[in-house]
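Residue numbers (this note's numbering), protein chains in the order written: chain A, 1 to 130; chain B, 1001 to 1169. The structure appears right after this line, and notes come after that.
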Amino acid sequence: MMRSPDLAYWAESPHLFFDPDVLKLAPKDLEKAEKLLKEAPGKKDALEQINTAYMSMYCSMQALMHSLQYKTTHMRCIVTVLEDFFIKHGKLEQARLDAFLRSQRIEGTPEENFQAAESLLNAVKGIVAK
Amino acid sequence: MLPVLIYEEENGDCRCTSCGICAKVCPPQCIWIVQAKALDGKPKPKANEFYIDMDVCMNCGFCSEFCPFDAIKMDHIYELSNYERHKSHVYNMQDLLVSTEYYGQTHPRAWAKELAVKEEEEKKKKAKEAAAAAAAKKKAEEAAKAAAAGAGTTAPVAPVGPPKEEKPQ
């Protein structure tokens, strides 16, 4: 695991920056996530299906990032920001983040991943709407 | 200069196909990849896990030179100092993945080149699609013409006259 992957570390790194303009990207991210989720079951094999579900989850996570007006260019930074801003405050369940990481490693069945992507999308919609 | 893995900014898709070329060419053998497998056990072009031991890496850049998918690149960050030098210097996929946007910032010329190639490929693809569509349209038009001409040249319908009386055999 990487050296001190906390928010302070990322704030000093070139991977996390504040940009008010990204706020308008959040609804687009959600649209993209929904579209990918719909496409996922139609993909040719299980691996493609899981990967598309992962992409949908990634877009949902990006919507959360953008709703905070933050932009990031590092995968661990996304995870750290989500943990600090959402999971620690009880806005998002740890299980959703775990499902995202499992999906990235292409684990589980396609159905499990579709369910995880769908529930994450619904949770994120609720958070972004607030 | 440490290696990083690239993911697409728009959808988070990792470019690595776990072909293993980087691991093979790595002189100090510090790259470890686990290839994804389908439910039937067949290997698939995705990485389940990807590890680089940064203490062993000698920053030669061979991995990024040889990667046929532009999935592994050399970063500009090299700070590794830490109180713990065993587990924390074995970077996993989460630690290695950076977006295409970051790659564009750190390697502007290579990124511009890549974008140009992509644009050209898209143009070619569009031209090919347009050509295919035009060919299909032409074919359809020709078929319609042939059908119309066929309708015009069909054998004239015999004038309806009084029914001929059949001779009894």
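C-beta: ideal position from N, C-alpha, C; glycine also. Since the structure is predicted, the reported quantities are computational estimates derived from the model, not experimental observations.
To the nearest angstrom, report how far apart residue i and residue j are at their CA atoms.
| i | j | result |
| --- | --- | --- |
| G90 (chain A) | V79 (chain A) | 15 Å |
| A129 (chain A) | A116 (chain A) | 20 Å |
| A99 (chain A) | E118 (chain A) | 11 Å |
| A1144 (chain B) | A1071 (chain B) | 50 Å |
| N1059 (chain B) | K1138 (chain B) | 57 Å |
| M1001 (chain B) | Y1103 (chain B) | 13 Å |
| E1065 (chain B) | I127 (chain A) | 43 Å |
| P41 (chain A) | E1084 (chain B) | 44 Å |
| S1118 (chain B) | W1111 (chain B) | Note on identity: in this sequence residue 1118 (chain B) is Lys, with Ser being the wrong assignment. Looking at the two C-alpha atoms, the distance is approximately 10 Å. |
| C1063 (chain B) | A1135 (chain B) | 44 Å |
| K1126 (chain B) | A1116 (chain B) | 15 Å |
| N122 (chain A) | S56 (chain A) | 12 Å |
| K1046 (chain B) | Q104 (chain A) | 10 Å |
| T1100 (chain B) | D45 (chain A) | 26 Å |
| K1128 (chain B) | C1026 (chain B) | 39 Å |
| E1114 (chain B) | K1124 (chain B) | 15 Å |
| C1030 (chain B) | A95 (chain A) | 32 Å |
| L120 (chain A) | E1121 (chain B) | 35 Å |
| K9 (chain A) | D84 (chain A) | Reading off the sequence, residue 9 (chain A) comes out as Tyr, not Lys. Whole-angstrom Cα-Cα distance: 13 Å. |
| A1151 (chain B) | A1130 (chain B) | 31 Å |
| L92 (chain A) | P1028 (chain B) | 42 Å |
| I50 (chain A) | E1049 (chain B) | 15 Å |
Label residue i either buried or exposed according to how many other C-beta atoms from any shown protein chain fall within 10 Å of its C-beta, with 16 as the threshold for buried.
| i | result |
| --- | --- |
| Q62 (chain A) | buried |
| T109 (chain A) | exposed |
| Y1078 (chain B) | exposed |
| S1081 (chain B) | exposed |
| K71 (chain A) | buried |
| D6 (chain A) | exposed |
| R1109 (chain B) | exposed |
| G1012 (chain B) | buried |
| F18 (chain A) | exposed |
| P20 (chain A) | exposed |
| P1003 (chain B) | buried |
| Q1094 (chain B) | buried |
| K88 (chain A) | exposed |
| A1036 (chain B) | buried |
| V1034 (chain B) | exposed |
| A1140 (chain B) | exposed |
| K1073 (chain B) | buried |
| A1133 (chain B) | exposed |
Can you tell me where the beta strand (DSSP E) holding residue i begins and where it ends?
| i | result |
| --- | --- |
| E48 (chain A) | No beta strand (DSSP E) holds E48 (chain A); the alpha helix (DSSP H) holding it covers A46 to S67. |
| N1048 (chain B) | P1043 to D1053 |
| K88 (chain A) | Element bounds for K88 (chain A): n/a, residue is neither H nor E. |
| K71 (chain A) | Y70 to T72 |
| F1069 (chain B) | Taken as a continuous stretch (DSSP letters only), F1069 (chain B) belongs to no beta strand (DSSP E), as it is neither H nor E. |
| L1005 (chain B) | P1003 to Y1007 |
| L16 (chain A) | L16 to F18 |
| A1038 (chain B) | Where A1038 (chain B) is concerned, there is no enclosing beta strand (DSSP E), given that its DSSP letter is neither H nor E. |
Thinking C-beta only, is residue j closer than 7 Å to residue i?
| i | j | result |
| --- | --- | --- |
| H74 (chain A) | V1098 (chain B) | yes |
| L1039 (chain B) | L1096 (chain B) | no |
| H1086 (chain B) | T1106 (chain B) | no |
| V124 (chain A) | Q69 (chain A) | no |
| D29 (chain A) | C59 (chain A) | yes |
| W1032 (chain B) | Y1051 (chain B) | yes |
| L47 (chain A) | K1042 (chain B) | no |
| C1057 (chain B) | C1022 (chain B) | no |
| F114 (chain A) | A33 (chain A) | no |
How is the alpha helix (DSSP H) around residue i delimited, first residue to last?
| i | result |
| --- | --- |
| F1062 (chain B) | F1062 to F1066 |
| I78 (chain A) | M75 to L82 |
| M1093 (chain B) | M1093 to L1096 |
| Y1103 (chain B) | T1100 to T1106 |
| V1025 (chain B) | I1021 to V1025 |
| Q115 (chain A) | P110 to A129 |
| L30 (chain A) | L25 to E39 |
| E1010 (chain B) | Unbroken run through E1010 (chain B): none, as it is neither H nor E. |
| E12 (chain A) | L7 to E12 |
Are the C-beta of residue i and some C-beta of chain E separated by less than 7 Å?
| i | result |
| --- | --- |
| A46 (chain A) | Absent from the structure is chain E; the protein chains it does hold are A and B. |
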